[in-house]
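Just so you know, the sequences run in chain order A and B. Count along the first sequence from 1, add 47, and you get the number used in my numbering. Count along the second sequence from 1, add 42, and you get the number used in my numbering. Cβ atoms here follow ideal geometry from the backbone N, Cα and C, with glycine treated the same way.
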Amino acid sequence: MKRIITTTVINQSGVLNRVTGLLMKRQFNIESISVGHTEQPGMSKMTFVVNVEDKEKLEQLLKQLQKQIDVIKVNDITDKAVVMRELALIKVVTPPSVRNEIYSIVEPFRATVVDMSKNVTTFQVTGDPEKIEAFIDLVKPYGIKELTRTGVSAFVRETQKPYTAQLSIL
Amino acid sequence: MNASLTEATDLKLKGSGADILIQSLKQQGVEMVFGYPGGAVLPIYDALHRNPIKHILARHEQGAIHAAEGYARVSGKTGVVIATSGPGATNLVTGIADAMLDSLPLVIFTGQVATTVIGTDAFQEADILGITQPITKHNYQVKNIEDFPRIIKEAFHIASTGRPGPVVVDIPKDISNELFLNNSMEDEEINLPGYQPTTKPNYLQIQKAVKALSNAKKPLILAGAGVLTAKASTELKEFVERYQIPVTNTLLGLGSIAGNHNLFLGMAGMHGTYTANTAICECDVLMNIGARFDDRLTGNLAHFAPNAKVIHIDIDPAEIGKNVPTAIPIVADAKEALLELLKQNFEKPDTVEWLKTLSENSMNFPLQYKADKLRGILPQQAIELIHRLTKGDAVVTTDVGQHQMWAAQYYSFNHPNNWVTSGGLGTMGFGFPAAIGAQLAKPDAKVISIVGDAGFQMTMQELSLLQELRLPVKIVIINNRCLGMVRQWQETFYEERYSQSLIPVQPDFVKLAEAYDIQGYKVETMEEAEEVFAKAFNSNEPVLIDCRVTQLENVYPMVSPGTGLHEMIGVKGV
Ligand SMILES: Cc1ncc(C[n+]2csc(CCOP(=O)(O)OP(=O)(O)O)c2C)c(N)n1
Chain A
48 MKRIITTTVI
58 NQSGVLNRVT
68 GLLMKRQFNI
78 ESISVGHTEQ
88 PGMSKMTFVV
98 NVEDKEKLEQ
108 LLKQLQKQID
118 VIKVNDITDK
128 AVVMRELALI
138 KVVTPPSVRN
148 EIYSIVEPFR
158 ATVVDMSKNV
168 TTFQVTGDPE
178 KIEAFIDLVK
188 PYGIKELTRT
198 GVSAFVRETQ
208 KPYTAQLSIL
Chain B
43 MNASLTEATD
53 LKLKGSGADI
63 LIQSLKQQGV
73 EMVFGYPGGA
83 VLPIYDALHR
93 NPIKHILARH
103 EQGAIHAAEG
113 YARVSGKTGV
123 VIATSGPGAT
133 NLVTGIADAM
143 LDSLPLVIFT
153 GQVATTVIGT
163 DAFQEADILG
173 ITQPITKHNY
183 QVKNIEDFPR
193 IIKEAFHIAS
203 TGRPGPVVVD
213 IPKDISNELF
223 LNNSMEDEEI
233 NLPGYQPTTK
243 PNYLQIQKAV
253 KALSNAKKPL
263 ILAGAGVLTA
273 KASTELKEFV
283 ERYQIPVTNT
293 LLGLGSIAGN
303 HNLFLGMAGM
313 HGTYTANTAI
323 CECDVLMNIG
333 ARFDDRLTGN
343 LAHFAPNAKV
353 IHIDIDPAEI
363 GKNVPTAIPI
373 VADAKEALLE
383 LLKQNFEKPD
393 TVEWLKTLSE
403 NSMNFPLQYK
413 ADKLRGILPQ
423 QAIELIHRLT
433 KGDAVVTTDV
443 GQHQMWAAQY
453 YSFNHPNNWV
463 TSGGLGTMGF
473 GFPAAIGAQL
483 AKPDAKVISI
493 VGDAGFQMTM
503 QELSLLQELR
513 LPVKIVIINN
523 RCLGMVRQWQ
533 ETFYEERYSQ
543 SLIPVQPDFV
553 KLAEAYDIQG
563 YKVETMEEAE
573 EVFAKAFNSN
583 EPVLIDCRVT
593 QLENVYPMVS
603 PGTGLHEMIG
613 VKGV
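Now the structure itself:
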């Protein structure tokens, strides 16, 4: 199952290596990872999407992360109301003949054109991973020259639904 | 606090980075360090020369770290190791991994090339931070001298609290040389928001445990090394005696309860006793205190304790539920948890029948071997002889292999923290240097190092250290002239194809000892062994005994890999 996990870490050199190394050592499969500073000086936040087999494996992952000295907080936010964003840059082959057609397709996604040449347009699209997947699927037939994604960054919403299943972290 | 310690605490840190290190070690109350010099740590060794701390100069960095592990295991104090950059640091890797798996408190200082050249593949540069990241509890590289005192303090704190483990502090050479100017700095409190081990048990969980235990018909306690680390043997004894609950041990937990206690069932696991393994299979409540349900203990998890409600007390929450589904998790220090349980004064389970069954099992299916004068010394006999002569009071260190398992089975300990063995990593070469460290920690103890002929050869250069220190360590080589444990598996699982396990030659161990000015003996019969062991164990000098044992003896009972604890082979009734 796919889980979204956020960790607050002390912004020490090597901390990214420590966390990814841990996931590798314990055979967890990272789908995406994003890291950046937070509002607190010296603290960074990592968001990663991982694939775990079952609840027990997930619990193990959370505990192993928590055990790291530089890791301050660990949260599995998958089952919470969250705001999730990812950004993708996609170079699509766009000869003048199809340009209008593509533009009309991308419009509902509110993708923006960030670069353009005679035959190639670079789009920027943001949203949750599903939206980005959908966008990619749509433009694929025209030919994707290059693609890069930032990985998911996520927040728990201020207002939560009354019940959210939380996994126990001892 | 004693006088010298107070004095040291008053001392303001001054001098170079290297001086800061030595002063900090004194502040930490470090009695001795185990190490080996080299280019990147020359400033540290120079500071050590100015301001001496007892330094044990091993003959190989691996020897130094295993000695530090032996020291830590029997003293409960943090072992300190110093090595140079590059090869010095990489020679420590086996010991670091060993200490990680066996939760031993070590602080390891490695030299590093100067900050100006880190990352350039400079002479003797190795990324020891990267290398040791997965095998340390934590590691540091000192990048600013201002951070150095704090890092040292944190390193000792992290290594020795919670679930202990090794911490590496990598010190670039220029940091060692740099003058520490900030000597007005206040003594800061340790501030590690990401590291707050839970030591006190949760009250509700304790209540659940109490309920499960008092309703149990067949309760069992599995005591691991956590009991020893927490120094909770007295509490364990009181608890099991009051509630009449039988106890088994993991390999590393041996000694947490006296080997001859009537509630002790012997060791469990791959080479555990019939009684202990059967008890695990049959118990209805299994309370694990300070053990991590390692695969050598559990065998095939699908068949592990199938009828039991599991209570698991561990200071490391990540160990709970990792391998075995746990009904009642209790994150706590073993001693705190036992004290809390004792306080509850709960209703005693009725275990009369259960204990009777177990004692019948012990009587009908004891550990046993068949002595045969014509075949010479059996390894089990040699261990029993060591036990008899030392009355179960010795500190015993072992290497890894068959002799280790026989020592675990046949050397029954009267006291905790006298058992030094490499359990998690199974490191050949561990036993002999660990004995040197153990003897240094307990100068008055009788320290017997039981080693295999092959494992001993992995770190036997430390004979030179023994020669220098003249510690009264007794080395008993259980010499079967082969890689016994490998040979046993080849006999059992590979149709006796002894691929590379019968070492065709070996040194003359007696002459080897003599070359280091150590008394050496060879014994080939039980009569010789009786005489030589007795003489050796009474001597105040180091002694090496080459004890020739039968080659083809196997360790039994055995739970084959992949099978359950109920599928022991080699169990014989009396
Ligand atoms: C460093 C290392 N290499 C290899 C092994 C695998 N191994 C486990 S036991 C063993 C044989 C040990 O032989 P010996 O020291 O003579 O002891 P015995 O089993 O004969 O008592 C080997 C090779 C190991 N545990 N550690």
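Residues of its chain near residue i, where Cβ-Cβ distance is below 6 Å and the 5 sequence neighbours each way are ignored
i, result
"residue 628/B", "Outside the shown range of chain B (43 to 616) lies residue 628/B, about which nothing can therefore be said."
"residue 617/B", "With chain B represented from 43 up to 616, any question about residue 617/B goes unanswered, as that position is not in the structure."
"residue 328/B", "262, 347, 350, 352"
"residue 287/B", "261, 263"
"residue 175/A", "131"
"residue 555/B", "562, 586"
"residue 108/B", "137, 472, 475, 476"
Under 7 Å by beta carbon: chain A residues contacting residue i
i, result
"residue 237/B", "116"
"residue 364/B", "107"
"residue 180/B", "116"
"residue 213/B", "Near residue 213/B there are no residues of chain A at all, since even the closest Cβ is about 16 Å away, more than 7 Å."
"residue 234/B", "116"
Residue i CB to nearest heavy atom of ligand 1 below 7 Å
i, result
"residue 520/B", "yes"
"residue 48/A", "no"
"residue 444/B", "yes"
"residue 527/B", "yes"
"residue 524/B", "yes"
"residue 592/B", "no"
"residue 610/B", "no"
"residue 469/B", "yes"
"residue 497/B", "yes"
"residue 494/B", "yes"
"residue 356/B", "no"
"residue 140/B", "no"
"residue 337/B", "no"
"residue 441/B", "yes"
Contacts that residue i makes with chain B (C-beta to C-beta distance below 9 Å)
i, result
"residue 98/A", "By Cβ distance, chain B contributes nothing, its closest Cβ being about 19 Å from residue 98/A, past 9 Å."
"residue 119/A", "235, 236"
"residue 103/A", "363, 364, 367"
Cβ shell of residue i (< 7 Å), same chain only, five flanking positions each side left out
i, result
"residue 280/B", "384"
"residue 528/B", "543"
"residue 318/B", "290, 307, 308, 309, 310"
"residue 316/B", "403, 407, 599, 610, 613"
"residue 79/B", "87, 126"
"residue 345/B", "606, 607, 608"
Cross-chain neighbours of residue i in chain A, by beta carbon under 8 Å
i, result
"residue 175/B", "61, 64, 65, 68"
"residue 171/B", "61"
Whole-angstrom distance between residue j and residue i, CA atom to CA atom
i, j, result
"residue 170/A", "residue 52/A", "28 Å"
"residue 104/A", "residue 122/A", "15 Å"
"residue 257/B", "residue 398/B", "18 Å"
"residue 237/B", "residue 115/A", "8 Å"
"residue 219/B", "residue 176/B", "29 Å"
"residue 545/B", "residue 470/B", "15 Å"
"residue 217/A", "residue 108/A", "Low per-residue confidence applies at residue 217/A: pLDDT is 45, beneath 50, and the placement is therefore not dependable enough to give any value."
"residue 45/B", "residue 578/B", "Confidence in residue 45/B is poor, its pLDDT being 42 and thus under 50, which makes the residue's placement unreliable; the coordinate value appears in the next sentence. Each residue's alpha carbon lies about 39 Å from the other."
"residue 70/B", "residue 198/B", "8 Å"
"residue 586/B", "residue 563/B", "6 Å"
"residue 91/B", "residue 81/B", "15 Å"
"residue 215/A", "residue 539/B", "Per-residue confidence for residue 215/A stands at a pLDDT of 48, beneath the threshold of 50, marking its modelled position as unreliable; the derived number appears in the next sentence. When rounded, the distance between both Cα atoms is 50 Å."
"residue 170/B", "residue 120/A", "27 Å"
"residue 224/B", "residue 188/B", "7 Å"
Interface residues of chain A facing residue i [CB-CB closer than 9 Å]
i, result
"residue 200/B", "116"
Spatial neighbours of residue i in its chain, beta-carbon cut-off 8 Å, leaving aside the 5 residues before and after
i, result
"residue 283/B", "305"
"residue 60/A", "none"
"residue 152/A", "185, 186"
"residue 363/B", "354, 371"
Partners in chain B for residue i, counting only beta-carbon separations shorter than 7 Å
i, result
"residue 57/A", "236"
"residue 127/A", "The premise fails here: residue 127/A is roughly 22 Å from chain B at the closest Cβ pair, so nothing lies under 7 Å."
"residue 72/A", "176"
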